[in-house]
Amino acid sequence: ASSAVVLFFLWSGFAPILQGQEGTLPAEDHLAIAARYRKEVAETREAIKRHQIALEVYRRGTEKPYTAMNPQGRKQMVQHCERVIAYYTDAAKELDAMAAEHEAIAKQDQERSLPQ
Numbered sequence: 022a023s024s025a026v027v028l029f030f031l032w033s034g035f036a037p038i039l040q041g042q043e044g045t046l047p048a049e050d051h052l053a054i055a056a057r058y059r060k061e062v063a064e065t066r067e068a069i070k071r072h073q074i075a076l077e078v079y080r081r082g083t084e085k086p087y088t089a090m091n092p093q094g095r096k097q098m099v100q101h102c103e104r105v106i107a108y109y110t111d112a113a114k115e116l117d118a119m120a121a122e123h124e125a126i127a128k129q130d131q132e133r134s135l136p137q
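Structure, rendered in structure tokens:
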């Protein structure tokens, strides 16, 4: 797991739940976990959008009304925004995958509990 996913586990309170107990959770818990991941994905994508806007502002720093921006500082901010966008993009992909995994587990659990 990437550091983003590990940090999310710690931040979200999932770590104690998921320590070797994935197969013992009821489908509802897996769906709740998936919903939390989906929410985190949405928030991460919003952060990406904010940094994309900032990136464009810093890239256009030589245009009016941005001419007062320090060129070196602007270059550093462009690099910062690019790194943050890449980090959040990777995190969103992993969080999406984790949500899908919990949704699939919940679906399997629900199918197993249906009368044959």
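Using the working numbering, the first residue of the sequence shown is number 22, and each one after it goes up by one.
Virtual Cβ for every residue (Gly too), placed ideally from N, Cα, C.
No experiment lies behind these values; they were computed from the predicted model shown.
*Glu77 classed as buried or exposed, judged by whether at least 16 other C-beta atoms fall within 10 angstroms*: exposed
_Burial state of Ala127, where buried means 16 or more other Cβ atoms lie within 10 Å_ = buried
*Between the Cα of Ala63 and the Cα atoms of Leu135, Glu122 and Glu115, which residue gives the shortest distance?*
Glu115
_Burial state of Leu135 (16 or more Cβ within 10 Å)_ = exposed
*For Met98, does the three-state DSSP call read helix, strand or coil?*
Looking at Met98 - three-state DSSP - the assignment turns out to be helix.
*Considering only residues of the same chain and omitting the five flanking positions on each side of Gln73, which have a CB-CB separation below 7 Å?*
Ile106
*Would DSSP call Arg59 helix, strand or coil?*
helix
*Where Asp50 and Ala118 are concerned, what is the direct C-alpha to C-alpha distance, given to the nearest angstrom?*
17 Å
_Which of the three DSSP states is assigned to Arg81 in this structure?_
coil
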